[in-house]
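K.L.:
Sending over a structure as structure tokens; questions will come in a sec.
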RNA sequence: GUAGCAGGCCACCUUAUCGCUCCGGCCGUUCGGCCGGGGAGGAAAGUCCGGACACCAUAGUGCAGCAUAGCGGGUAACGCCCGUCGUUCCGAACAGCGUUCGGAAAAGGACCAGUGCAACAGAAAGCAAGUACAGUUCGGCUGUAGUGAAACCAGGUAAACUCUAUGCGGUGAAACGUCAUGUAAAUCGGUGUUUGAGGGCGGCACGUCCGAAUCGAAGGGUAGGCGGUUAGAGCCUUUGGGCAAUCAAAGGUCGAGAUAAAUGAUAAGGGGCGACCGUAUAUCGGUCGCAACAGAAUCCGGCUUAUGGCCUGCUUUUUUU
RNA sequence: CGGGAUGUGGCGCAGUCCGGUAGCGCACUCGGCUGGGGGCCGAGUGGUCGCAGGUUCAAAUCCUGUCAUCCCGA
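So, in structure tokens, the structure goes:
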């Protein structure tokens, strides 16, 4: 069961409307501007150890094209940096990345913020 | 060269590394792996019209309501498109009324069916009353003045109500079918079982069909999978009919199917456009910047709006010869 | 995907149906009452009526298009 370290396939995506609702109500969060990560301990019968979703508020970005682009950048950044989480925890989680900025970012910026937010997440959860 | 109009085309490309999704094949125990192939638009947008399709009665009648408006054609259909007539505006020709020619614009039925409206000004904007002056056959009539967008004379206005003609049944893929999961055939109230409650998805009346339960309150459960779902009024080429929109025939071709929602990220190189610099213009070289509008969600035909570049034709204007 | 509603001075609203004067409250400015502040009284400034066309003699109002904001519906 050796997963490719850089993939991000369908099974790792957060899809269920119900669990997203739960995330918003019960979830904890760490944030490093412009990314906010909401997380919750996941069901044990979940297919992948960690599932993740991304979202960009329509209020900040009216155009569907830029919303899509930011979501793609977020997914890409998570895909390239998720080893940070996999290598440091054995627990199961559900993630939701929110983009809080008001302007369209570069990939470089997103990538840096993603690394920071993930290390902060590891600090918070593994320290206890 | 500049500006405008009309028509057509494209929507940066290639390579490398990593990644997403669908289809087919092989391997394999769930779950994946490997190989091959497909993967956003001209507007996918706004949701403004028209359809297909699905369910409700094979979708019925009248009223109400809504939409459209010269005439003819095209179309599955349209409020769309094409042609034509009239109207208005602009330009030119003739000395002028006006006519002719060329171009452009536009929601272009009917105020002799009825009702309403017209600020200010003005005597007066209908159910009528009446100013001044002049002329007079003196009965009262005629003309002029003045106000105003419009006036002893009837007009104007329907993107005012309305009338006429034509069309429109309703609800939309969250339609609809099916499988799975799950609870509660629980509680309270109303109406009713052939003397017919209630329902058949906007209103009223009728008709018709189903019909023994049904409606409301508060509450409980599930909010997952599959089908519908992508081959269609499809696209391309040729020939023929037609002024044209478009139609017919023959041949060829298959071009996304996601679902918190795929089609991406990074790097390099090459083309495109713009600015600046070098040189005597072009050409060429260098540097920098830009690359638009925008993302399928059942599917088509239009309209409207946003927007980068190239090509062709016509018109206007400028410079040089 | 499908339905609606609203854009009017700095702010909150009326006027739109049935076309001719853009008005109300708060705020702001000036003056008066007071030793000063507050409060009250009086006067005043301030509006492309979201934007663009059209109908009309005349448009915030009628018609068409467009932009923005907000609210519903499994």
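Residue numbers (our numbering): 19 to 146. Where a beta carbon is used, it is the ideal one built from N, C-alpha and C, also for glycine. Bear in mind the structure is a predicted one, so any value in this text is a computation, not a measurement.
Three Cβ pairs or more, each shorter than 8 Å: is that satisfied between the stretch 81-89 and the stretch 21-41?
P.N.:
The stretch 81-89, when compared against the stretch 21-41, does not touch it at the 8 Å Cβ threshold.
K.L.:
Ignoring anything shorter than 4 residues or poking outside the stretch 79-129, list the alpha helix (DSSP H) runs there in chain order.
P.N.:
You should have 82-99 and 101-104.
K.L.:
What number of angstroms, rounded off, separates the C-alpha of residue 60 from the C-alpha of residue 106?
P.N.:
On the first chain, residue 60 is found 42 positions in, with the first residue counted as 1. On the first chain, residue 106 is found 88 positions in, with the first residue counted as 1. Their backbone Cα atoms lie some 17 Å apart in a straight line.
K.L.:
What are the boundary residues of the beta strand (DSSP E) that includes residue 41?
P.N.:
Within the first chain, residue 41 is the residue found at index 23, counting from 1. Taken as a continuous stretch (DSSP letters only), residue 41 belongs to no beta strand (DSSP E), being part of the alpha helix (DSSP H) at 35-44.
K.L.:
Return helix, strand or coil for residue 135, following the three-state DSSP convention.
P.N.:
In the first chain, residue 135 corresponds to position 117, counting from 1. Looking at residue 135 - three-state DSSP - the assignment turns out to be helix.
K.L.:
Keeping to the same chain, check which residues put their C-beta closer than 6 Å to that of residue 78; ignore five residues upstream and five downstream.
P.N.:
For the purposes of this step, residue 78 is taken as residue 60 along the first chain, with counting starting at 1. Here the set comprises 120.
K.L.:
Can you tell me where the beta strand (DSSP E) holding residue 55 begins and where it ends?
P.N.:
Taking the first chain and counting its residues from 1, one reaches residue 55 at position 37. Taken as a continuous stretch (DSSP letters only), the beta strand (DSSP E) holding residue 55 covers 53-59.
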